[in-house]
Structures are given as C-alpha cells and as structure tokens.
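Undergrad: Just passing along the structure, written as structure tokens.
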Amino acid sequence: MPELPEVETVTADLRPHLVGRVLAGCDLRFPSIVRHPSPEAFAAGVRGRRIESMSRRGKYILHHLDSGELLVVHLGMTGQWRYVPAGTEEPTHLHAVFPLDDGFELRYRDVRRFGRLLLGTDSELVAERKMPRLGPEPIDSTFTAGDFYRRLHVRRAPLKTLLLDQMVVAGVGNIYADEACFRARVRPDRPANTLSRQAVGRLREALDHSLRVAIANRGSSVADYRDAWGEAGRQQEELLVYGRAGQPCVRCGRPLALVRLAGRSTVFCRRCQR
DNA sequence: TTAAATTCCTGTAAGC
DNA sequence: TGCTTACAGGAATTTA
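The structure is reproduced here in structure tokens:
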C-alpha cells in the first residue's frame, strides 16, 4: 500500500513530465472519488490550468496549479496515478482521466476506492477538514529526536497507533511503522509515554533509514502498489518484519509475533524488541 | 482532548 | 469444483 516512499517515488517520477503541462480536461467516471469541492466544481477548477510544480506532503501528491490552488491526490490503499499516451487501452476501475496538452493523459485508478481527489488551497482543505493538519516529515532534517519525544511522551496510546497518526508524523503507514520499530528494537505496543529519550532517538533514526532505503528501492509492492509507469517496487523483498509473522527473526531466529494494534496487523520480535 | 471502535471497498485466499 | 467467509488497511467518522 502506498506510504511515504511509494508516494515519493510516484511524485518524483511524474514531476519532470508534468511541470509545465496544461490539464486540458477532466473526465470523471466515478465522480464521488472527488471529495472536495463538488465534482462539477472540481472539473471546472482543473480544466485549462497549468501545473507549475509538484511536491509530496505525507502520503499526499500535490500539484501546484497556476490558479494558486492544489490538485491533491491521495492513493488510499490501491490508488494508482499514472501518465500514459492518450488512447492507451483502459484498465478496470478507472475513475478519472485528465487529458494533457502533450498527447498524454493522467489516470486515476483505484480498485478499493479508498483514495481521493481534492482541489483547493492548503488552508482551505485543512479548514474544511478534507486534509488533516499533518505532522512533520520524518525524513526532513528539521525533524529532531527532541521534537519526536515531545510529541510521544504526552500520549498514552500504543506507540504503533501514534506512528500511524498523520498528525503526529506524516507519511508512515503499517509497513514502515513495523519496520522502524524492529530496527529501533522497541515494542510497538509500548505506551508511547514509557519510551526513553534514547529509545525515541533510535526510533527517529530507524524511521529515517527505513523510509530512505525504501525510496531508493522505489517502494514496496506488497499487493496493488504500482508506480506511475505501472511497475512494481523492490522494497517488499527487503522487509525485515512486515508480512513475516511466524517466520524467524533475522536477528535472533525466534518466530516473529503477530498482534493487532490500532486495528492493524502488527509483526514484531518478542525477544529483540523491548 | 484522547483513544478505541466502526465504516468504507473489493480482490484474494482459505475453509468447508 | 463452487460457495461462503475472513482478511488486507488509510483515514474519516462515531462512540466512550
């Protein structure tokens, strides 16, 4: 599923192709994939606009338009944001098509429809509660262990729950939350306020490392994730705990434990993670 | 304010 | 073989 590394890969791949392009149209096949504003206003607000730049914030792909608004794409679980020559054979579950001025088109495809399309200014989308007030970027140098500690030590929820909370830290999902906890040797079910400054320091480094390596490997294709060209990533082959419940821990050899936290499957090593 | 539970969605795989 | 059921999970929403 698309988390920070997967969204970063798509954004970076598309940027050189999309900056400067004009969105010539907007064909909504499944209008309710648009969550703000109305589908009609969305289509009208996008048509004829030029993409001036692209960026990523958490798991959101941001297209900065010449109108001053953002075209925002969130891939949810199974969303795909692809750039293909116009007229390419259409896949199933295609929900929106945006013809461009270069003979190509942008396509939003999403089997489970957990993803969403948004249009508006950053402040408008936050005020309308269409986007959360995102926490810091975990791979940004300005995100320090001290900052992380201040956010965690005032909360009693399990660590894993807070790693998944986009307002605590942006872009982390189930895969990299488990990977980072393992790398930092911290149990994901520890109440967050019981972590020492030292443990939070390790966790900050583990998150940074896990996410950067995953970006270098173009993300994890566990099930449906594909990049802007329809290709799978490679990181799924490098995962240390995610999807390996019952298999031996790479560090101590004991079987990895499986529990449910925050409604999510959570894999960790009872011996190596305290 | 916080935390936990529920809901949305469909393809896949396990079980009978 | 064919049907039913459980499971996967990001995040908004609801409940406590």
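When you line the first sequence up against the working numbering, it's residues 767 to 1040, in that order.
Virtual Cβ for every residue (Gly too), placed ideally from N, Cα, C.
Since this is a predicted model, take the numbers as computed values, not measurements.
Can you give me the C-alpha to C-alpha distance between Ala-862 and Pro-924, rounded to a whole angstrom?
TA: A straight-line Cα-Cα distance of about 38 Å links Ala-862 and Pro-924.
Undergrad: In terms of alpha-carbon separation, which member of Lys-926, Arg-873, Pro-857 lies closest to Phe-864?
TA: Arg-873
Undergrad: Looking only at its chain, what residues have a beta carbon closer than 7 Å to the beta carbon of Ala-994, apart from the 5 residues adjacent to it on each side?
TA: Val-776, Asp-779, Leu-780, Trp-847, Arg-848, Tyr-849
Undergrad: My output table needs one value for Ile-718: the three-state DSSP class, helix, strand or coil.
TA: This structure gives no information on residue 718, because the portion of the chain shown stretches from 767 to 1040.
Undergrad: Compare the C-alpha of Gly-824 against each of Ser-889, Phe-914, Thr-927, Val-934 and name the closest.
TA: Val-934
Undergrad: Please classify Pro-904: is it buried, with 16 or more other beta-carbons within 10 angstroms of its beta-carbon, or exposed?
TA: That one is buried.
Undergrad: Comparing C-alpha positions only, which one of Leu-831, Thr-910, Tyr-826, Arg-801 sits nearest to Val-788?
TA: Taking only the C-alpha atoms, the option nearest Val-788 is Leu-831.
Undergrad: Given that a residue counts as buried once 16 or more other Cβ atoms are within 10 Å of its Cβ, and exposed if not, what is Ala-989?
TA: exposed
Undergrad: Tell me the residue span of the alpha helix (DSSP H) that contains Phe-808.
TA: 805-812
Undergrad: Three Cβ pairs or more, each shorter than 8 Å: is that satisfied between the stretch 974-985 and the stretch 1000-1018?
TA: Yes, since at least three Cβ pairs between the stretch 974-985 and the stretch 1000-1018 fall closer than 8 Å, the two stretches touch.
Undergrad: For Thr-910 and Thr-858, I'd like the C-alpha separation in whole angstroms.
TA: 43 Å
Undergrad: For Phe-948 versus Cys-1035, is the C-beta distance shorter than 8 Å?
TA: yes
Undergrad: Counting along the chain, where does the beta strand (DSSP E) carrying Gly-845 start and finish?
TA: 845-851
Undergrad: Taking the beta strand (DSSP E) that Tyr-874 belongs to, which residues open and close that run?
TA: Start and end: 870-876.
Undergrad: Arg-899 and Val-892: beta carbons closer than 8 Å?
TA: yes
Undergrad: At 4 residues or longer, what runs of the alpha helix (DSSP H) sit wholly inside the stretch 898-932?
TA: 911-918, 925-929
Undergrad: Report the three-state DSSP secondary structure of Tyr-1008 (helix, strand or coil).
TA: coil
Undergrad: Go ahead and label Ala-950 buried or exposed: buried means 16 or more other beta carbons lie within 10 angstroms of its beta carbon, across all protein chains shown.
TA: buried
Undergrad: In the DSSP assignment, what residue or residues form a beta bridge with Gly-886?
TA: Leu-836
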